[in-house]
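S.K.:
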Ligand SMILES: [Zn+2]
């Protein structure tokens, strides 16, 4: 579809209309911890990360014959103490911002061993996820029942005689290794995908970028689409979302074929690799917010690496046309949502471009009806959206999508990681309508094809 910049005079006339729109909500901004007891425990990641000390949220404690262990990838538990027979008082890890943004705290994930045949009560606040997740014996994660999570400060867990090990988490978790394992599996199974390491995080973890396209179609016929996920460490819905997106664009189907025939996809699966591994809620290993580094990322390893890639693509023949910045948000929401940026921070025409994608996404899945639509004035210099708007304006349809930890719109059940995979698939499918991608014949690969390729 044709998208021309509208004249300044028209912009002025449209300003009245635009200002009538809602502008509540901050762009992926959850509120800082205010509980004095939690504030007193807030820890600046720099107090341990740069010094090579064991992070305080990585603990292994045995009480009443049960071992609580958070000392592994993505694990996090602030503390645990006996509170009586079969009762344990836990506390969340509280991470302090090293740039004055205040502490954050909601993520937890830990293993239990020695629980066979027991019923235990764990007092631990989980207000942002009313139904945390549990698995036993390394099996599948499931949503806790109302009996297991009777309120948002307690979990009452019963284990059978054969269930000696369990794991509890804020939401269906995906740590650094789990995420990269799944991404590697998707890439290795697809002839259309390639993964490269674009550099290392502050703590030395590999940062990956996956590129998916059909090389049999000339790039001159393609739109470039950029996706990055999990700038904020605890925002795991964004990782499920990203995995669904990757599965859709690599899928052996007419839809997958159409998408990769007319798009070049660049997906950065895990931006805040360190914070995710550390089991943080929001900040990275330096206590920094990656979303606040885009305009001057010289001191921020990860964002600087992404910015280099984005700059390279924008200087090349296939500029980025759609950019999705995947997040999760706290609070009670009916639906997932995008932050549509509105006039005068962007043009009214750009509002329409964003709405075109939102509508296409709505049409692509029953799991999204835009029931919690949010709009905001684009900050001058905070997010990747600010960065691309400042430099390329309407060329790049850039938006943040926010998942939440509450209920799904279709049947009011608790929303799951699998639902976010479906939403991620739909974010890819939406591009067919958004770009008006041509129809193309799809012949499923033959066994010969797989043998040769
Ligand atoms: Zn976020």
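Numbering (my numbering), first residue to last: 991 to 1443. Backbone N, C-alpha and C define an ideal beta-carbon position, used for all residues, glycine too.
1) Taking 8 angstroms as the threshold (C-beta atoms), are residue 1384 and residue 1339 in contact?
2) Verify whether the separation of the beta carbon atoms of residue 1216 and residue 1310 is less than 8 angstroms.
3) By DSSP, does residue 1372 sit in helix, in strand, or in coil?
4) Using C-beta distances below 8 angstroms, list every residue in its chain close to residue 1076, excluding the 5 sequence neighbours before and after it, in chain order.
5) Tell me the DSSP bridge mates of residue 1263?
6) If I follow the unbroken alpha helix (DSSP H) through residue 1172, where does it start and stop?
7) Does DSSP put residue 1281 in a helix, in a strand, or in coil?
8) Output the distance between the C-alpha atoms of residue 1081 and residue 1409, rounded to the nearest integer angstrom.
9) For the segment 1419 to 1436 against the segment 1365 to 1381, are there 3 or more C-beta pairs whose distance is under 8 angstroms?
10) Taking 8 angstroms as the threshold (C-beta atoms), are residue 1201 and residue 1256 in contact?
11) For residue 1293, report the span of its alpha helix (DSSP H) as first-last.
12) Could you name the residues that DSSP lists as bridge partners for residue 1041?
13) If I follow the unbroken beta strand (DSSP E) through residue 1310, where does it start and stop?
14) Out of 1185, 1124 and 1160, state which residue places its alpha-carbon closest to the alpha-carbon of residue 1171.
15) With DSSP as the reference, identify every bridge partner of residue 1330, one or two as the case may be.
16) Quick one: Cα of residue 1037 to Cα of residue 1193, how far?
17) Could you spell out where the beta strand (DSSP E) holding residue 1402 opens and where it closes?
18) Please report the distance separating the alpha-carbon of residue 1379 from that of residue 1336.
M.R.: The relevant details are as follows:
1) For the purposes of this step, residue 1339 is identified with residue 349 of the chain shown, where counting begins at 1. For the purposes of this step, residue 1384 is identified with residue 394 of the chain shown, where counting begins at 1. Taking 8 angstroms as the Cβ cut-off, residue 1339 and residue 1384 qualify as a contacting pair.
2) By one-based count along the chain shown, residue 1216 stands at place 226. By one-based count along the chain shown, residue 1310 stands at place 320. Their beta carbons are under 8 angstroms apart, which means residue 1216 touches residue 1310 by this criterion.
3) Counted from its first residue, the chain shown places residue 1372 at position 382. DSSP places residue 1372 in coil when its eight states are reduced to three.
4) To locate residue 1076, count along the chain shown from 1; it is residue 86. These residues qualify, in order along the chain: 1054, 1108, 1109, 1110 and 1111.
5) Position 273 of the chain shown, counted from the start, is the residue given in the question as residue 1263. Paired residues: none, contrary to the question.
6) The residue labelled residue 1172 in the question sits at position 182 within the chain shown. Taken as a continuous stretch (DSSP letters only), the alpha helix (DSSP H) holding residue 1172 covers 1166 to 1178.
7) Here residue 1281 refers to the residue found at position 291 when the chain shown is read from its first residue. Residue state, collapsed to three classes: helix.
8) Along the chain shown, one-based indexing puts residue 1081 at 91. Along the chain shown, one-based indexing puts residue 1409 at 419. So the alpha carbons of these two residues sit roughly 29 angstroms apart.
9) Result no; under three Cβ-Cβ pairs closer than 8 angstroms.
10) In the chain shown, counting from the first residue as 1, residue 1256 sits at position 266. In the chain shown, counting from the first residue as 1, residue 1201 sits at position 211. Yes, they are a contact pair.
11) As a working mapping, residue 1293 is identified with position 303 in the chain shown. Segment 1291 to 1304, the alpha helix (DSSP H) holding residue 1293.
12) On the chain shown, position 51 is the one that residue 1041 refers to. Answer is none; residue 1041 lacks a bridge partner.
13) Residue numbering aside, residue 1310 sits at position 320 when the chain shown is read from its first letter. That run of the beta strand (DSSP E) goes 1310 to 1318.
14) Here residue 1171 corresponds to residue number 181 of the chain shown, with the count starting at 1. Minimum Cα distance to residue 1171 is reached at 1185.
15) Along the chain shown, read from residue 1 onward, the residue named residue 1330 stands at position 340. Answer by DSSP bridge pairing, in chain order: 1365.
16) As a position in the chain shown, residue 1037 is number 47, starting the count at 1. As a position in the chain shown, residue 1193 is number 203, starting the count at 1. Roughly 14 angstroms separates the two Cα atoms.
17) Within the chain shown, numbered from 1, the residue matching residue 1402 stands at position 412. That residue, residue 1402, is in no beta strand (DSSP E); it is neither H nor E in DSSP.
18) The residue labelled residue 1379 in the question sits at position 389 within the chain shown. The residue labelled residue 1336 in the question sits at position 346 within the chain shown. The alpha-carbon atoms of residue 1379 and residue 1336 are separated by roughly 8 angstroms.
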